[in-house]
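Numbering (the numbering used here), first residue to last: 2 to 168.
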Amino acid sequence: MSSMSSEATSTCEPGGCNGEPVPRRAAELTRIELDILHMLGRGLTNQEIADNLDMNIGTVRWRLNRLFRKLHARNRIEALARAWVVPMPAAASIPPPRRRLAPEALGKTQIAILDLLKHGMTNQEIADRLAMTVGTTRWHLNQIFGKLQVRNRVEAALSANANDRQQ
2 MSSMSSEATS TCEPGGCNGE PVPRRAAELT RIELDILHML GRGLTNQEIA
52 DNLDMNIGTV RWRLNRLFRK LHARNRIEAL ARAWVVPMPA AASIPPPRRR
102 LAPEALGKTQ IAILDLLKHG MTNQEIADRL AMTVGTTRWH LNQIFGKLQV
152 RNRVEAALSA NANDRQQ
């Protein structure tokens with residue numbers, strides 16, 4: 002995947018893509034950055050992204066940092082939120098996420114934490130907003146991950162958004 006074709010920029014123009022407005026920065030994303038962004042949206046870990054793209058994890062981290070800078074994002078969730086109008090590549094080669102049993106119900110504090118997490122807040126920001134320690138925030142996040150049967154923040158946010166759409 003390190004050939005020149007994987008580095009070609011997307012076909013979107015700074016003014017738009019397929020009739021939709023696209024932020025100037027989004028139009029500057031390379032094909033591989035679009036692939037990585039799509040995998041982030043599916044909740045894949047750095048290792049899973051590396052395996053899918055046949056690259057080492059250090060390269061994935063480097064590419065993620067570049068992607069975050071281009072999108073002016075601090076983390077995966079902010080990157081996904083800022084790139085919502087970016088056309089995503091076909092995902093034929095990316096395996097679908099495993100389906101799980103119905104998740105357990107979340108408590109009020111866990112719902113509040115999940116809502117803040119969906120907005121891309123860090124553990125420290127969540128702790129400050131809810132007047133708790135970072136350690137307590139981490140503990141609640143681990144409980145949320147277990148109840149939702151997810152592995153990370155992106156999967157938790159995706160699960161919460163899916164539940165919001167169903168209600």
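Note that the Cβ used here is the ideal one computed from N, Cα and C, for glycine as well.
Could you give the DSSP three-state label for LYS148: helix, strand or coil?
Translated into positions along the sequence shown, residue 148 becomes position 147. Helix, per DSSP.
What residue does the alpha helix (DSSP H) around ALA132 start on, and which one ends it?
Along the sequence shown, one-based indexing puts residue 132 at 131. No alpha helix (DSSP H) holds ALA132; DSSP gives it neither H nor E.
Chain-order list of residues whose beta-carbon lies under 7 angstroms from that of ALA158 (same chain, five-residue window excluded)
Mapped onto the sequence shown, residue 158 falls at position 157. Counting only Cβ-Cβ distances below 7 angstroms, and skipping sequence neighbours, we find ILE78, LEU118, LYS119.
Please work out which residues of its chain come closer than 7 angstroms, Cβ to Cβ, to SER7, disregarding the five sequence neighbours upstream and downstream, and give them in chain order.
Stepping through the sequence shown from its first residue, residue 7 is reached at position 6. Annotation note: pLDDT 37 at SER7 (below 50); position unreliable, no value reported.
Please name the residue, chosen from LEU38, TRP140, GLY136, VAL151, that lies closest to ARG64 on a Cα-to-Cα basis.
Taking the sequence shown and counting its residues from 1, the one referred to as residue 64 is at position 63. Distances from the CA of ARG64 to each of LEU38, TRP140, GLY136, VAL151 were compared; the closest alpha carbon is that of LEU38.
Candidates ALA163, GLN111, GLN150, of which the one nearest TRP140 by Cα:
Translated into positions along the sequence shown, residue 140 becomes position 139. For TRP140, the nearest C-alpha among the options comes from GLN111.
Would you say ASN47 and ARG67 are within 8 angstroms of each other, going by their C-beta atoms?
For this step, residue 47 is matched to residue 46 along the sequence shown. For this step, residue 67 is matched to residue 66 along the sequence shown. Taking 8 angstroms as the Cβ cut-off, ASN47 and ARG67 do not qualify as a contacting pair.
Which residue's Cα is closest to the Cα of VAL155: LEU35, ASP36, ARG43?
Residue numbering aside, residue 155 sits at position 154 when the sequence shown is read from its first letter. If we check each option's Cα against that of VAL155, ARG43 comes out closest.
DSSP state of THR46, grouped into three classes?
Within the sequence shown, the letter at position 45 stands for residue 46. In this structure, THR46 counts as coil in the three-state DSSP scheme.
Might you give, ordered along the chain, the residues of its own chain that have their beta carbon closer than 7 angstroms to the beta carbon of ALA161, omitting 5 neighbours on each side?
For the purposes of this step, residue 161 is taken as residue 160 along the sequence shown, with counting starting at 1. Contacts found: LEU115, LYS119.
Kindly indicate the opening and closing residues of the alpha helix (DSSP H) around GLU79.
Counting from one through the sequence shown, the residue named residue 79 turns up at place 78. Where GLU79 is concerned, the enclosing alpha helix (DSSP H) stretches over 77-83.
Just tell me which of GLY59, THR60, GLU126, ARG152 has its CA closest to the CA of ARG75.
Taking the first residue of the sequence shown as position 1, residue 75 is located at position 74. If we check each option's Cα against that of ARG75, GLU126 comes out closest.
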